[in-house]
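Just below is one structure, and these are the notes that go with it.
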Amino acid sequence: MAKRNNENMSLEQALKGFIKENNLDKGLEKIDAKNAWYAVMGKSIEAYTNDVQLKNSTLIVRLSSAPLREELSYGKSKIITNINEYLRKEVIKELILA
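The working numbering applies: residue 110 is where the sequence shown begins, and numbers increase by one.
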């Protein structure tokens, strides 16, 4: 259990401290990356998305449409940039469309 500080802190600071203390950063990044994919790519791409996983700094997306996978592969760097901007930090360095 963490030591109790007698100084006042905001809820945001307390939560960030809790997340850091308990090494929950990576798990939250995985959830955030998955949510970012759906938010950035929209409903039309979501319909063809089977699975989204973040492993290290690689986002692996499984799509059910080969033509869509081919089309998206031309814009990988733009997709990575847009997702990282949505997350407000550089989480994703590589994108694999499977």
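Glycine is no exception: its CB is placed at the ideal position from the N, C-alpha and C atoms.
Going by CA-CA distance only, name the one from the options that's closest to residue i.
| i | options | result |
| --- | --- | --- |
| T190 | T158, R178, M150 | M150 |
| T167 | R197, K143, L181 | K143 |
| R178 | E199, N159, V200, K164 | N159 |
| A148 | L204, K202, N193, E199 | N193 |
| L206 | A123, E138, W146 | W146 |
| Y195 | E138, E116, K125 | E138 |
| Y157 | N165, K164, S174 | S174 |
| E155 | F127, R171, E116 | R171 |
Just the Cα atoms here: how many angstroms apart are residue i and residue j?
| i | j | result |
| --- | --- | --- |
| F141 | Y183 | According to the sequence displayed, residue 141 carries Asp and not Phe. Taking the straight line from one Cα to the other gives about 24 Å. |
| K129 | K135 | 10 Å |
| I201 | M118 | 31 Å |
| E121 | K198 | 18 Å |
| L124 | N165 | 23 Å |
| N131 | P176 | 42 Å |
| Q162 | E116 | 39 Å |
| E180 | I169 | 16 Å |
Please check the pair residue i and residue j, which I expect to be a contact at CB under 8 Å, by giving their CB distance rounded to whole angstroms.
| i | j | result |
| --- | --- | --- |
| L204 | K185 | 5 Å |
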